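2 protein chains.
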Amino acid sequence: MYQIIDGKKVANQIKEEIAAEVADIKKKGGKIPHLVAILVGADGASETYVSHKEKACETVGIKSTVVRMMESVTENELLEKIAEFNRDDDIDGMIVQLPLPDHISEHRVIEAVDPKKDVDGFHPANVGRMFIGLPSYVSATPAGIIELLSRYKIETSGKSCVVIGRSNIVGKPVSILLSRKTSRGNATVTLCHSRTPNIAELSSKADIIIVAMGKAGFLTADMVKEGAVVIDVGITRIRSDKTKSGWKLVGDVAFDEVAPKCSFITPVPGGVGPMTIVSLLKNTLMASRMER
Amino acid sequence: MYQIIDGKKVANQIKEEIAAEVADIKKKGGKIPHLVAILVGADGASETYVSHKEKACETVGIKSTVVRMMESVTENELLEKIAEFNRDDDIDGMIVQLPLPDHISEHRVIEAVDPKKDVDGFHPANVGRMFIGLPSYVSATPAGIIELLSRYKIETSGKSCVVIGRSNIVGKPVSILLSRKTSRGNATVTLCHSRTPNIAELSSKADIIIVAMGKAGFLTADMVKEGAVVIDVGITRIRSDKTKSGWKLVGDVAFDEVAPKCSFITPVPGGVGPMTIVSLLKNTLMASRMER
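Top line first, the protein sequences correspond to chains E and Y.
Going by the numbering used here, the first residue of the first sequence is number 1, and it counts up by one from there.
Going by the numbering used here, the first residue of the second sequence is number 1001, and it counts up by one from there.
Given below as structure tokens:
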């Protein structure tokens, strides 16, 4: 019988832990952690993400500010705003919601954020520190995956792990984290991607499979061995006549056929997704303590 | 019949190319690239490495300065010296020879070097840029390995690659470089290490094996499939009654038994080793052109 990895439950539990810590800071007269989100333009999905982040901050007692800039803002104006927030001692963490309009360089913007306030963990200095094994802000999704493995006490040491997808924000960092000489590390990781000719052969031998392709239902039962742990990072909106909205969210895993073979599996929605916001909250708390 | 990957020959060829470029800069009245090496204390091996680097600079026409500091230098004094060189516009590249005495934090020293002058590629900002796929100084050994694969036109795309050893300066970066969506990338990489229970099983299926364990003769013939490409990064000094000095250098590969099964193999010495210094020279030339 497989066990569902309940990301929503774990996320709520961690939110309570963070709330308790923030309350403790408050009680001791310390500075309340403060997260600033910069939102450029009026992209619907970005609006939703940012408002979720705002609400999550509110829930745990972290102060949050959303700064809106017009779609037409120049790169320089944005960079100046970031520099202003870098200097502002009241601000502990800063995120710039992506994507940005085409006339603005995402890389220049990411590198403009003070690495000490880069709670998204996107700055090369943080990525590099994560890679080397120094204290760093790890970006939300890989941090959330490691946290889930940890909370469910899933052993990774000496295990074979197949990561499918080589993105900078999921596949590559999670492969490094799982390889590291630490708790929830010490796995032997194979990083697969679009140029891997034999993904099914590799995944069907793996103890742990992490799929981050963005292809609905990609991982099928024949690609998974009995007893495997499956972490599904994909999220695709497809038409459905079974929901009121006419849409439903599905992951990269063909859940119904894969789950029965697993020891542990994350559902979509409610698996990795809810963990991403708590990783951001944890990083903001860490920033306010200047723990790195 | 296997082909030897002749690192010494390739290194000399690249040195000639760099020398031609430096001569061209000189002819056009440009600024001669300048590398500074800081050497703390009097470690014999470090002295040797630094003098090799000095000599290599001389060969290609790059200006080099070696700054010696006493073993007893304080961390602050060293950091001040680095800050001075960061400000000095005549200096394009700077390296601090490792290891440093125990009372000095290597990480603090590495992070003190301006990433734009960090031609060793050790600064987290450079490591992070390499990881993300942005232009960066890649550290000497992984860069040298990719260069060898490239010069010998060894295809990596779609190939399976096993990297043995997860160090920050060889195993991990070369695994990321080979996974990237670029030329001499697009391989499916499995990163093995001391906690991998079945290295032989994995390596014996790999198209390309990169060994960086530091264990003399670790990779034996039974661990390699027919036609594999084997890159040996190990280097260990062992006693020998066949050499005048009484010592010889050996790699991580049991060369005599492994070579006959390979399509390509690097020898030790004369394989990856000679490539490391040319990577440093290339980075210094790149720094002087401010190409990143």
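Just so you know, even glycine gets a beta-carbon here, dropped at the ideal spot from N, CA and C.
A quick note: this is a predicted structure, and the numbers were derived from the prediction, not measured.
CA-CA distance, I1169 of chain Y and P1142 of chain Y?
Counting from 1 along the second sequence, the entry for residue 1169 of chain Y is found at position 169. Counting from 1 along the second sequence, the entry for residue 1142 of chain Y is found at position 142. The straight-line gap from Cα to Cα measures roughly 7 Å.
Which whole runs of the beta strand (DSSP E) in the segment 146-233 of chain E are 3 residues long or more, in chain order?
160-164, 188-192, 208-211, 228-232
Is the beta carbon of V1040 of chain Y less than 8 Å from the beta carbon of M1094 of chain Y?
Locating residue 1040 of chain Y in the second sequence gives position 40, where the first residue counts as 1. Locating residue 1094 of chain Y in the second sequence gives position 94, where the first residue counts as 1. Against a cut-off of 8 Å, the Cβ pair of M1094 of chain Y and V1040 of chain Y comes out as no contact.
Using a cut-off of 9 Å between C-beta atoms, extract the partners of P1124 of chain Y located in chain E.
Counting from one through the second sequence, the residue named residue 1124 of chain Y turns up at place 124. Those are P115, P124, A125, N126, V127, G128, R129, M130, F131, I132, L134, S136, listed as they occur along chain E.
Per-residue DSSP class, three states only, for I110 of chain E
Within the first sequence, numbered from 1, the residue matching residue 110 of chain E stands at position 110. DSSP places I110 of chain E in helix when its eight states are reduced to three.
Do L1148 of chain Y and I1005 of chain Y have their CB atoms nearer than 8 Å?
To locate residue 1148 of chain Y, count along the second sequence from 1; it is residue 148. To locate residue 1005 of chain Y, count along the second sequence from 1; it is residue 5. Yes, these two residues count as a Cβ contact at 8 Å.
Below 7 Å on C-beta distance, what does I176 of chain E contact in chain Y?
For the purposes of this step, residue 176 of chain E is taken as the residue at position 176 of the first sequence. In chain order: K1172.
Look at the alpha carbon of T190 of chain E and the alpha carbon of N198 of chain E, and state the distance between them as a whole number of angstroms.
In the first sequence, counting from the first residue as 1, residue 190 of chain E sits at position 190. In the first sequence, counting from the first residue as 1, residue 198 of chain E sits at position 198. One C-alpha to the other measures close to 12 Å.
Are the beta-carbon atoms of I265 of chain E and Y2 of chain E separated by less than 8 Å?
Position 265 of the first sequence holds residue 265 of chain E. Position 2 of the first sequence holds residue 2 of chain E. In contact: I265 of chain E and Y2 of chain E (Cβ atoms closer than 8 Å).
The segment 67-75 of chain E / the segment 1024-1034 of chain Y touching (three or more Cβ pairs under 8 Å):
no
Please list the partners that P1099 of chain Y has in chain E, where partner means a Cβ-to-Cβ separation under 9 Å.
Numbered from 1 along the second sequence, position 99 holds the residue referred to as residue 1099 of chain Y. Within 9 Å Cβ-Cβ: nothing; P1099 of chain Y doesn't reach chain E, min ~16 Å.
Are the C-beta atoms of V1189 of chain Y and some chain E residue less than 8 Å apart?
One-based indexing of the second sequence puts residue 1189 of chain Y at position 189. Closer than 8 Å to some Cβ of chain E, the Cβ of V1189 of chain Y qualifies, so yes.
Buried or exposed for S1245 of chain Y, going by 16 or more other Cβ atoms inside 10 Å?
Taking the second sequence and counting its residues from 1, one reaches residue 1245 of chain Y at position 245. Exposed, since its Cβ has fewer than 16 Cβ neighbours within 10 Å.
The alpha helix (DSSP H) that contains R87 of chain E, what's its start and end?
If you number the first sequence from 1, residue 87 of chain E lands on position 87. It spans 75-87 - the alpha helix (DSSP H) in which R87 of chain E sits, taken as one unbroken run.
Using a beta-carbon distance below 8 Å, is G158 of chain E in contact with chain Y?
To locate residue 158 of chain E, count along the first sequence from 1; it is residue 158. Closer than 8 Å: yes.
Starting from the C-beta of S1064 of chain Y, find all residues in its chain whose C-beta is less than 6 Å away, skip the five residues before and the five after it, and write them out in chain order.
For the purposes of this step, residue 1064 of chain Y is taken as the residue at position 64 of the second sequence. Cβ neighbours of S1064 of chain Y beyond the five flanking positions: L1035, E1054, C1057.
Here's a check: name, in chain order, each residue in its chain whose Cβ is nearer than 6 Å to the Cβ of A125 of chain E, leaving out the five neighbours to either side.
Taking the first sequence and counting its residues from 1, the one referred to as residue 125 of chain E is at position 125. Closer than 6 Å at Cβ, skipping near neighbours: P115.
When burial is assigned at 16 or more other CB atoms within 10 Å of the CB, is M290 of chain E buried or exposed?
For the purposes of this step, residue 290 of chain E is taken as the residue at position 290 of the first sequence. Exposed is the call here.
Count the other CB atoms, across all protein chains shown, that sit within 10 Å of the CB of H293 of chain E; report buried if there are 16 or more and exposed otherwise.
Chain E is shown only over 1 to 292; residue 293 of chain E falls outside these bounds and no answer can be derived.
So, with DSSP's three-state summary, where would you put M1070 of chain Y?
Translated into the one-based positions of the second sequence, residue 1070 of chain Y becomes position 70. In the structure shown, M1070 of chain Y sits in coil (DSSP, three-state: anything other than H, G, I, E or B).
For P1274 of chain Y and I145 of chain E, what's the separation of their Cα atoms in angstroms?
In the second sequence, the residue the question calls residue 1274 of chain Y occupies position 274. In the first sequence, the residue the question calls residue 145 of chain E occupies position 145. Going from the Cα of P1274 of chain Y to the Cα of I145 of chain E covers about 41 Å.
Would you kindly check if the distance between the Cβ of V1022 of chain Y and the Cβ of V1067 of chain Y is under 8 Å?
Working through the second sequence from its first residue, we reach residue 1067 of chain Y at position 67. Working through the second sequence from its first residue, we reach residue 1022 of chain Y at position 22. No, the pair does not count as a contact, with Cβ atoms beyond the cut-off.
Residues in its own chain within less than 7 Å of G185 of chain E by CB, not counting five upstream and five downstream?
Residue 185 of chain E sits at position 185 when you count from the first residue of the first sequence. The answer, listed in chain order, is T156, L177, L178, S179.
Start-to-end residues for the beta strand (DSSP E) that takes in A37 of chain E:
The sequence position of residue 37 of chain E within the first sequence is 37, counting from 1. 34-40 is the span of the beta strand (DSSP E), which, as asked, contains A37 of chain E.
Segment limits, beta strand (DSSP E) that includes I238 of chain E:
Along the first sequence, read from residue 1 onward, the residue named residue 238 of chain E stands at position 238. First-last of the beta strand (DSSP E) with I238 of chain E: 236-239.
Ignore the nearest five residues each way along the sequence and tell me which others in E1077 of chain Y's own chain have a CB closer than 8 Å to its CB.
Indexing the second sequence from 1 puts residue 1077 of chain Y at position 77. Closer than 8 Å at the Cβ level, and outside the excluded window around E1077 of chain Y, lie M1069.
Look up G44 of chain E in the DSSP assignment and say whether it is helix, strand or coil.
Indexing the first sequence from 1 puts residue 44 of chain E at position 44. The answer is helix: DSSP assigns G44 of chain E an H, G or I state.
Using a Cβ cut-off of 8 Å (strictly closer), state whether N1168 of chain Y contacts chain E.
The residue given as residue 1168 of chain Y occupies position 168 in the second sequence. It does; some Cβ of chain E falls within 8 Å.
Does the Cβ of T1182 of chain Y have 16 or more other Cβ atoms within 10 Å, making it buried, or fewer, making it exposed?
To locate residue 1182 of chain Y, count along the second sequence from 1; it is residue 182. Exposed, since its Cβ has fewer than 16 Cβ neighbours within 10 Å.
Say whether chain Y places a C-beta atom closer than 8 Å to the C-beta of N76 of chain E.
Your numbering for residue 76 of chain E matches position 76 in the first sequence. No, its Cβ sits nowhere closer than 8 Å to a Cβ of chain Y.
For V258 of chain E, the three-state DSSP class (helix, strand or coil):
Within the first sequence, numbered from 1, the residue matching residue 258 of chain E stands at position 258. Correct three-state label for V258 of chain E: helix.
Output, in chain order, the set of chain E residues within a Cβ distance shorter than 7 Å of R1195 of chain Y.
The sequence position of residue 1195 of chain Y within the second sequence is 195, counting from 1. Within 7 Å Cβ-Cβ: S157, G158, N186.
Buried or exposed for I238 of chain E, please, with buried defined as at least 16 other CB atoms from any protein chain shown within 10 angstroms of its CB.
Position 238 of the first sequence, counted from the first residue, corresponds to residue 238 of chain E. Per the 10 Å Cβ criterion, exposed.
Are the CB atoms of V224 of chain E and V230 of chain E within a distance shorter than 8 Å?
Taking the first residue of the first sequence as position 1, residue 230 of chain E is located at position 230. Taking the first residue of the first sequence as position 1, residue 224 of chain E is located at position 224. Going by C-beta atoms, V230 of chain E is nearer than 8 Å to V224 of chain E.
Does any CB atom of chain E fall closer than 8 Å to the CB of H1052 of chain Y?
Here residue 1052 of chain Y refers to the residue found at position 52 when the second sequence is read from its first residue. No, H1052 of chain Y does not count as interfacial toward chain E.
S1150 of chain Y CB to nearest chain E CB: under 8 Å?
Here the question's residue 1150 of chain Y lines up with position 150 in the second sequence. Closer than 8 Å: no.
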